[in-house]
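Heads up: the sequence lines are chains B and F, in that order. Mapped onto this note's numbering, the consecutive letters of the first sequence carry residue numbers 1 to 97. Mapped onto this note's numbering, the consecutive letters of the second sequence carry residue numbers 98 to 372.
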Amino acid sequence: MTAEEHGWPLYEVFVRGKRGLNHVHVGSLHAADDTMALTHARDLYTRRNEGVSIWVVRSEYIAASTRDEKDPFFAPSADKVYRHPTFYDIPGDVPHI
Amino acid sequence: MSDDHVYMTLAEGHEDDSRWAFGTGFEDPLHGVDTAVPEGVDAAALAADCVALADDALVLAQRLAEWITRAPELEEEVALANIGLDLLGQARLLYSRAGQTDGTGRDEDAYAYFRDPADFRNVRLAELPREDFAFAVTRLLVLSAWRLEHFRRLTAHPDPVLAAVAAKGVKELTYHRQYAAEWVVRLGDGTPESHRRTRTALDRVAPYLGELFTACDVREEVVAVLRQVTEAAGLPMPAYRPLPGSGRDGEHTEHLAPLLAELQSVARAHPEATW
Chain B
1 MTAEEHGWPL YEVFVRGKRG LNHVHVGSLH AADDTMALTH ARDLYTRRNE
51 GVSIWVVRSE YIAASTRDEK DPFFAPSADK VYRHPTFYDI PGDVPHI
Chain F
98 MSDDHVYMTL AEGHEDDSRW AFGTGFEDPL HGVDTAVPEG VDAAALAADC
148 VALADDALVL AQRLAEWITR APELEEEVAL ANIGLDLLGQ ARLLYSRAGQ
198 TDGTGRDEDA YAYFRDPADF RNVRLAELPR EDFAFAVTRL LVLSAWRLEH
248 FRRLTAHPDP VLAAVAAKGV KELTYHRQYA AEWVVRLGDG TPESHRRTRT
298 ALDRVAPYLG ELFTACDVRE EVVAVLRQVT EAAGLPMPAY RPLPGSGRDG
348 EHTEHLAPLL AELQSVARAH PEATW
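Next comes the structure, spelled out in structure tokens:
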């Protein structure tokens, strides 16, 4: 019997590594509820000592852009170089930029 | 950062990238620990304790490994295998310590693969057959709750190596107990079928509790855990009918010999083989 047949929903898993500043999407899994999803995520995605923090979220709660929207969404940003902070001198002691 | 390697970015830097999948950033639990047996510690007794605790872990790890390809979900298969591997890691450290202290200089493989069933000192609960998933998580709950309290006491052991192994194990066992407790509550509080199966599992485990408390008397702590979990699960506390005998004295059920035969077959067919 597969997970779909008895209705365990899909979760997306985000892990923050030891040196990471933000959570990174690492994959998905099936679980009956949030608690089980965290337990599964711990076993499936951090067993090689990668993580210090885990987020899980039901996949159905993620709103995603679609391929059809690619151009209206993303193409207009390509020719506006002034939006990038490349015209400033960043002081050496400002991290993570 | 390539999308293909997003997971790799979580790993710490490696000197040998070809082996990154083996894990990352691990610390040796025995780093900097003096391996000399301290004065006042009976080396033979220490070795016997290490072997018994290692046997518990090795035998239960084998039973957990039997769930690979048989678990109800892929996620649970990985979880059970992970827990088994944690226990296997504890067994390796404990066998190595036994080899250092019992005067034989044996390595961990000599203990795991080249002793016969009558030489094993594991508690019998660990060797009982696999049964169903309800039994797997119920047995794991009892054994991890007991071993956790046992290891907590061992963190104050005068032997610094055993104390360090116990300190590492406490963190692992805390997770094992949590995993098992979550499932026992889920199953006990689930469908009539899951409730019935979990109740049967508790009855099957109960006769072996006395043997655990004879090996290390942490009855009060373990019973408190079981009471808390069974209450949340809507299950009765199992009736307490201790079976005579103990695996700690080399008395085992008929289930240990076939388990060891499978576990030891490759090593015995190819002694001294390396891979």
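All C-beta atoms, glycine included, are put in the ideal place defined by N, C-alpha and C.
Chain B contact for residue i (CB, 8 Å cutoff)
i, result
"residue 101 of chain F", "Low confidence applies here, because residue 101 of chain F scores a pLDDT of 47, under 50, leaving its location unreliable; read the following figure in that light. Chain B, which has no Cβ nearer than 8 Å to the Cβ of residue 101 of chain F, makes this no."
"residue 360 of chain F", "no"
"residue 176 of chain F", "yes"
"residue 115 of chain F", "In this predicted model, residue 115 of chain F has a pLDDT of only 48, less than 50, meaning its place in the structure is not dependable enough to derive any value."
"residue 279 of chain F", "yes"
"residue 267 of chain F", "no"
"residue 170 of chain F", "yes"
"residue 276 of chain F", "yes"
"residue 219 of chain F", "no"
Host alpha helix (DSSP H) of residue i (start-end)
i, result
"residue 285 of chain F", "257-285"
"residue 321 of chain F", "316-330"
"residue 128 of chain F", "Here residue 128 of chain F belongs to no alpha helix (DSSP H), and DSSP marks it neither H nor E."
"residue 91 of chain F", "In the structure displayed, chain F extends from 98 to 372; residue 91 of chain F sits before or after that span and is not available."
"residue 292 of chain F", "289-302"
"residue 236 of chain F", "230-251"
"residue 74 of chain B", "70-74"
"residue 313 of chain F", "Residue 313 of chain F -> no alpha helix (DSSP H), and no H or E assigned at all."
"residue 198 of chain F", "171-198"
"residue 208 of chain F", "205-210"
"residue 355 of chain F", "353-366"
"residue 160 of chain F", "140-162"
Test item: CB-CB of residue i and residue j under 8 Å
i, j, result
"residue 160 of chain F", "residue 344 of chain F", "no"
"residue 208 of chain F", "residue 151 of chain F", "yes"
"residue 261 of chain F", "residue 126 of chain F", "yes"
"residue 348 of chain F", "residue 342 of chain F", "yes"
"residue 273 of chain F", "residue 183 of chain F", "yes"
"residue 313 of chain F", "residue 247 of chain F", "yes"
"residue 295 of chain F", "residue 330 of chain F", "yes"
"residue 172 of chain F", "residue 164 of chain F", "no"
"residue 45 of chain B", "residue 81 of chain B", "no"
"residue 256 of chain F", "residue 364 of chain F", "no"
"residue 220 of chain F", "residue 340 of chain F", "no"
"residue 222 of chain F", "residue 188 of chain F", "no"
"residue 143 of chain F", "residue 198 of chain F", "yes"
"residue 34 of chain B", "residue 15 of chain B", "no"
"residue 277 of chain F", "residue 322 of chain F", "no"
"residue 337 of chain F", "residue 306 of chain F", "yes"
"residue 224 of chain F", "residue 332 of chain F", "no"
"residue 58 of chain B", "residue 11 of chain B", "yes"
"residue 96 of chain B", "residue 29 of chain B", "no"
"residue 191 of chain F", "residue 147 of chain F", "yes"
"residue 291 of chain F", "residue 370 of chain F", "no"
Residue i - partner residues in DSSP beta bridges
i, result
"residue 25 of chain B", "B/14"
"residue 57 of chain B", "B/12"
"residue 30 of chain B", "B/10"
"residue 51 of chain B", "B/17"
Nearest-angstrom beta carbon gap, residue j and residue i [assumed within contact, 8 Å]
i, j, result
"residue 54 of chain B", "residue 38 of chain B", "6 Å"
"residue 326 of chain F", "residue 258 of chain F", "That belief does not hold up - the Cβ atoms of residue 326 of chain F and residue 258 of chain F are roughly 33 Å apart, past 8 Å."
"residue 315 of chain F", "residue 239 of chain F", "Residue 315 of chain F to residue 239 of chain F, Cβ: 12 Å. No contact."
"residue 354 of chain F", "residue 214 of chain F", "5 Å"
"residue 51 of chain B", "residue 17 of chain B", "6 Å"
"residue 252 of chain F", "residue 263 of chain F", "5 Å"
"residue 244 of chain F", "residue 153 of chain F", "7 Å"
"residue 40 of chain B", "residue 31 of chain B", "5 Å"
"residue 162 of chain F", "residue 181 of chain F", "5 Å"
"residue 176 of chain F", "residue 71 of chain B", "The Cβ separation is near 44 Å, so there is no contact."
"residue 335 of chain F", "residue 286 of chain F", "Going by Cβ atoms, the distance from residue 335 of chain F to residue 286 of chain F rounds to 17 Å, so no, they are not a contact pair."
Beta carbon proximity, residue i to chain F, threshold 8 Å
i, result
"residue 29 of chain B", "yes"
"residue 23 of chain B", "no"
"residue 93 of chain B", "no"
"residue 43 of chain B", "yes"
"residue 47 of chain B", "yes"
"residue 96 of chain B", "no"
"residue 35 of chain B", "yes"
"residue 86 of chain B", "no"
"residue 66 of chain B", "no"
"residue 10 of chain B", "no"
"residue 3 of chain B", "Reliability fails at residue 3 of chain B, whose pLDDT of 47 lies under 50, so the model's placement of it is uncertain and the value that follows must be treated cautiously. Yes, residue 3 of chain B lies at the interface with chain F (some Cβ there is under 8 Å from its Cβ)."
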